[in-house]
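Chains as they are written, first to last, in the numbering used here: chain R, 20 to 444; chain P, 641 to 1069.
A virtual CB, placed ideally from N, CA and C, is assigned to each residue, including glycine.
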Amino acid sequence: MSKLIFEHGETTPLCSFTAAVPRGAVYDPDQLEGLTRHAAELACRGAGDLDREKLDAAIDFLGGSIDVEVDRDWIALSATCLARNLDRTAELACSILADPRFEASEHEALIRESLSDLDDVRDDDSSLADRHFQRLVAPGHRYGRTTLGTDQSLERLPLERARTHHRLLWDGSQMIVGVAGAVSQSRADRLVDQLTSAASAKGEQPGEPLPITPTPAGRRIYLIDKPERSQCQLVLGHVAPRYGTPDYTALMPLETTFGGMFTSRLMQQVRVERGWSYGAGCRMMRARSPYWFRIVTAPTREVAVPALSLILDMYRDIASNGIAADELEFAVGHITGSLPFMRATARQRMRLALRHRLLDLPDDFPLGLGAELEALDTDTVTRAARQCLTPDDLCIVMVATADEVVPELERAGLAPTEIIPYDSY
Amino acid sequence: MSWTFEVSHSACGLDIRRHRLHNGLGLIVMADPHAPVVSYQTWYGVGSRHEQAGQTGMAHLFEHLMFNRTEKHGRGQFDRIIERTGGDNNAATWVDWTYYRDSVPPRDLATVVELEADRMANLVLESPELESEREVVANERMQRVDDDIDGFADEELGRLAYTIHPYRWPTIGWMEDIRSMTLDQVRSFYRTYYAPNNATVVVVGGVDEAAVLDLVASHYGSLDAADIPVHPTITEPAQTEERRRSFAKPTPSPRYLAGFRGVALGHPDWPALSLACAILGAGQSSRLYRRLVVESEIAIHVHCDVPQFRDPALIRISTQLRRGHRPDQAEAEIDSVLAQLQGELISEEELTKVRNVAETDFWSELEGCDGRAESLGHFQTTLGDFRRLFEIADSLSRVSREDIQRVARAHFGRHNRSVIEILPDGDEE
């Protein structure tokens, strides 16, 4: 398969490129959570002849951006620039891949910065809920560890390990390059050569990824105790089928019906009928391995417990009974009709294909989904629901003020399994 | 029913044409034969600026109510119809406008035109809908302000910096006003502001212009113009001395937010001020970022911007500090950076940099149909002419180093600023 995903577009004088490898934070060694992210960020803090200040100035001068993205399954270096500045932008990106400086002073500064980023996460209730949910939903799961790191792991990150890790992650033989915008095919081909050469073939893995663990049996409620909350962030979920499998496809209309649109059941019951929250939805997350099914909402404190009870009832109902035929038809129409919106610009088409390649799926996988979805019937959806959705084996994370919520939770038979101080992780 | 062609412009290799219907409805069309989607947006010339004290948040609450039933379509039907197409819709309210966006496949354009014309004129407003949306908006306020430190700080800045201008109250409204809005007030608001002569429809994407003109005329042509009140321009009195307030919140990260009296989007100095803000805060090589985040490590984030408002806006410098650092430390560094900007001309290299940044940002906004429609609708509604988008972008290339120094001296003075500090609980001075 070609390393290049290319989408030409001349509507603006911009171009974008992304160099990605299917190796991400799942390769963080034990006790060194955050290493992949740290290595990827640190590589952008000085490369070749340019220290951090000069590298930042060189990138900003072009008016564009070069950023690193760290996922659990992959990392990517992405750039956007004016077409006239592509050559220089590519040079700088290659320098980051091939010759990052990894200076000790920048390493230490980045650690301090990441520790502050943890404060930032704890300040934002939605991010805070998500952070705890990730680690609690299926302990030991490869996607359960934080990509940012913890206070303890960040303090332990060794510079030389980061350097080695970076070198092993960026393997040119594994690289996929996406190019989009006001750029020719021949220039895109040359860009692939430049980027893959900058990240030479290594022939070895950066480590062993973590295993995939199941959702523990039973319902677990974790209350993340934070003072003065007028709202409660709720995240509920469990491990779900892997994107691209027949079970995942069979559940897509159910996901849409339950919480994937404004007119979904969750949104209608929680927000429209009762006004309990600004939003309510669900999502089956997409990765190379089985990831989470998550329900998210943020009711006011006064109705947090009734909202949780309502959602649990609704989830039990749909997990047992599936969806009606008219709901299936509507959801399939919505999903297939939404595809053009995901592919409307050259950059969107490139990113969509790249994302699927990184998920180990064909570039045009979404285009074939329509036929599979249209072939579904309610029995198939219900079977998948009963097999894969586990309302009784569930992790529930609530960010709230414990004193105000716990008594009511206990009265409702939803006593917390554990109360966790919000700044403890 | 007749259209009057008004003006045209070209961008992205496409024509953009504005027409006006006999009842005052504006229509901007940017047809793109290669676009597989259509963005249909309706921009109303009413925002929180048009509210009155005691009814703050009305424009935003009303935006929520627009998604309820009409005489023809039952509750929830609007969203249902759009979602059936595979498209989606949303809306936003800000200080100078409220806009509604529908993104649909081209084959469903007629459906959207019918829906939007219907709710412009035939919305049903009753108590159950009002009460339900009131709770949703109250929830939204809690999420965005009461439980959000930065949202809270922003709101307090507006309250402190403005004394009489309606930019002083938050678009989402004060909670007591959200809770007390009556059905009569809501209905009156609808009748007053939701009329064709207070709206511009913007259509971008895979459409045929002639077909759009016919479609829009057929659905909106029978709607009557309203007597839109002309709000007198309220000039906020000049600020003669610094204003400050401090608050305590449960956070380990203090905040420092300064608002300097700036200019309106249509003011000749807006481009220079925009580039001055880029010098200060755009990218990791920007002056404030270098000083606060990299060199002194006082801050986690720093931002500097001047909003695109119809009336003079606040130039905002906001920073989230690292644990253990104080707002006065951040202020000292910021003052030093501002003094340097005022005292010395920037280099030619820095000027080229921020022009390149502005150019990239400009084109990034115009990459997709939704972004194009939004840019056109914003400038048409805020400044009365969508072509100002391109004029202002063009003028950025003519801003000189002297212009930047001049606007920095004119606006970044202590007498001209209002400051909000957020301190961790227990650290209050």
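Buried versus exposed call for residue i [16 or more other C-beta atoms within 10 Å across all chains shown]
i, result
"R/P225", "buried"
"R/G222", "exposed"
"R/S339", "exposed"
"P/A1070", "Residue 1070 of chain P lies beyond the residue range present for chain P, which begins at 641 and ends at 1069; the question has no answer from this structure."
"P/G614", "Residue 614 of chain P cannot be examined here, being either before or after the span of chain P that is shown, 641 to 1069."
"P/E1069", "In this predicted model, P/E1069 has a pLDDT of only 49, less than 50, meaning its place in the structure is not dependable enough to derive any value."
"R/E132", "buried"
"R/M304", "exposed"
"P/Q960", "buried"
Any non-hydrogen atom of the ligand ATP within 7 angstroms of residue i CB
i, result
"P/E973", "As far as ligands go, the structure on display features none, and thus does not contain the ligand ATP."
CB contact below 8 angstroms: residue i versus chain R
i, result
"P/C944", "no"
"P/I1032", "no"
"P/G917", "Looking at the sequence provided, one finds Cys at residue 917 of chain P rather than Gly. With 8 angstroms as the cut-off, P/C917 does not count as an interface residue toward chain R."
"P/V870", "no"
"P/N779", "yes"
"P/V997", "yes"
"P/R1041", "no"
"P/R1054", "no"
"P/G697", "no"
"P/K993", "yes"
"P/T710", "no"
"P/S772", "yes"
"P/P745", "yes"
"P/D719", "yes"
DSSP beta-bridge partners of residue i
i, result
"R/I231", "Its beta-bridge partners do not exist; DSSP assigns none."
"P/V870", "For P/V870, which the question treats as bridged, DSSP gives no partner whatsoever."
"P/Y896", "P/T959 and P/E1061"
"R/Q250", "R/T319"
"R/P119", "R/A66"
"P/Q681", "P/R741 and P/V842"
"R/M361", "Answer is none; R/M361 lacks a bridge partner."
"R/D170", "Answer is none; R/D170 lacks a bridge partner."
Anticipated Cβ contact below 8 angstroms, residue i with residue j, distance rounded
i, j, result
"R/Q213", "R/M417", "The pair is not a contact, with the Cβ atoms about 49 angstroms apart (cut-off 8 angstroms)."
"P/D841", "P/V856", "Correcting the residue type first, residue 841 of chain P is Val in the shown sequence and not Asp. Confirmed, Cβ separation roughly 6 angstroms."
"R/Q250", "P/M782", "5 angstroms"
"P/Y740", "P/N838", "No, P/Y740 and P/N838 are not in contact; Cβ-Cβ is about 13 angstroms, not under 8 angstroms."
"R/I415", "R/Y241", "7 angstroms"
"P/D736", "P/F949", "6 angstroms"
"R/A299", "R/R290", "6 angstroms"
"R/D208", "R/Q406", "With 8 angstroms as the limit, R/D208 and R/Q406 do not qualify as a contact, their Cβ atoms being about 46 angstroms apart."
Below-8 angstroms beta-carbon distance, residue i vs any chain P residue
i, result
"R/R131", "yes"
"R/S135", "yes"
"R/G83", "yes"
"R/F277", "no"
"R/G432", "no"
"R/L33", "yes"
"R/W147", "Trp is not the amino acid found at residue 147 of chain R; the sequence shown has Leu there. No, no contact with chain P."
"R/F36", "no"
"R/L61", "no"
"R/T316", "no"
"R/D332", "no"
"R/T319", "yes"
"R/M280", "yes"
"R/A128", "yes"
- Query: Name the residues in the segment 285 to 303 of chain R whose C-beta lies less than 8 angstroms from a C-beta of chain P; which are they?
  - Reply: Q287, R290, V291, E292, R293, G294, W295, S296 and Y297
- Item | Proximal residues, the segment 106 to 123 of chain R versus chain P, C-beta separation under 7 angstroms | none
- Message: Beta carbons nearer than 7 angstroms to chain R: which residues of the segment 675 to 688 of chain P have them?
- Response: A675, P676 and V677
- Using a Cβ-Cβ cut-off of less than 8 angstroms, list which residues of the segment 346 to 378 of chain R approach chain P; keep chain order. F349, G352, H353, I354, T355, G356, S357, L358, P359, F360, R362, A363, T364, R366 and Q367
- Item | Within 8 angstroms of chain P by C-beta, residues of the segment 228 to 260 of chain R in sequence order | K245, P246, E247, R248, S249 and Q250
- Contact set between the segment 944 to 967 of chain P and chain R, restricted to residues whose Cβ is under 8 angstroms from the partner: From the segment 944 to 967 of chain P, only Q960, R962 and R963 have a Cβ closer than 8 angstroms to chain R.
- Message: If the cut-off is 7 angstroms on Cβ atoms, which residues from the segment 787 to 798 of chain P count as contacting chain R, listed in chain order?
- Response: D787 and I789
- chain R contacts from the segment 1003 to 1033 of chain P (Cβ-Cβ distance under 8 angstroms): Look at the segment 1003 to 1033 of chain P: the residues with a C-beta under 8 angstroms from a C-beta of chain R are W1003, S1004, L1006, E1007, G1008 and C1009.
- Message: Using a Cβ-Cβ cutoff of 8 angstroms, what residues of the segment 40 to 57 of chain R are near chain P? List them in chain order.
- Response: Sequence-ordered contacts of the segment 40 to 57 of chain R with chain P are nonexistent [C-beta pairs closer than 8 angstroms].
- Message: Beta carbons nearer than 9 angstroms to chain R: which residues of the segment 649 to 668 of chain P have them?
- Response: C652, G653 and L654
- Item | Near-chain R residues of the segment 824 to 845 of chain P (beta-carbon distance less than 9 angstroms), N- to C-terminal order | G845
- Task: Could you please tell me which residues of the segment 886 to 908 of chain P, in chain order, have their CB closer than 9 angstroms to any CB of chain R?
- Result: K889, P890, T891, P892 and S893
- Item | the segment 67 to 81 of chain R: positions lying closer than 8 angstroms to chain P by Cβ | Answer set for the segment 67 to 81 of chain R: R71, E72, D75, A76, I78, D79, F80 and L81.
- Message: Please identify, using Cβ separations under 9 angstroms, the residues of the segment 204 to 227 of chain R that lie next to chain P, in order along the chain.
- Response: none
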